[in-house]
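See below for the structure under consideration.
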Amino acid sequence: MNALIKSALATNAGYGITLLRIVTGLTFAAHGSQKLFGWFGGYGLAGTGQWLESIGIAPGYLMAGLAGSAEFFGGLALIIGLLVRPAAVSLLVAMLVAIFSVHWVNGFFITANGYEYAMILGLISAVLLIEGAGKLSLDRRIAG
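Letter 135 of the sequence shown, counting from 1, is numbered 127 in the working numbering, and no numbers are missing.
Set out below in structure tokens:
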């Protein structure tokens, strides 16, 4: 197997990272489905795009599609443990954009729409990027 692919899929992380990965994946997939499909009380692409435009992030529809896709498909990748490191990169970028373009001005605490929650999700994404998918993952099985 190509050394680059093998190193991207390899993991020495244990079962704990697997649990963290799955729960975080479910969280991201749910948030992404709100943005893309309007599920779980979300506004869908049109509504999310309008909101992004209203806070100065343009083009709103495209940005909603990018953020929603990163969260939904990245979350699914985390859940099944396939291509976890590339998914973690896209999720980390999405959380950094959310922190600095939406939440930073509101301070730390989530109760004031601060960056606390996005920071934790970004931190978990960074940990998954470093550690890999864990013992119970397709990545580990493919890498051998």
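Yeah, the Cβ is synthetic: ideal placement off N, Cα and C, and Gly gets one too.
Within the same chain, Cβ atoms closer than 6 Å to the Cβ of residue 21 are found at 64, 67 and 68, the five residues on either side in sequence being excluded. Burial state of residue 107 is buried, judged by a 10 Å Cβ sphere holding 16 or more other Cβ atoms.
Comparing alpha-carbon positions, the option among 7, 12, 56 and 133 lying closest to residue 90 turns out to be 56. Short of 6 Å from the beta carbon of residue 25, and not among the five residues preceding or following it, lie these beta carbons of its own chain, in chain order: 31 and 64. Within the stretch 17 to 56, the complete alpha helix (DSSP H) segments at least 4 residues long are 36 to 46, listed from N- to C-terminus.
Segment contact: the stretch 81 to 88 against the stretch -4 to 5, fewer than three CB-CB distances shorter than 8 Å; contact not assigned. Contact annotation: the stretch 38 to 58 does not touch the stretch 3 to 13, with fewer than three C-beta pairs closer than 8 Å.
If you draw a straight line from the Cα of residue 135 to the Cα of residue 73, it is about 12 Å long.
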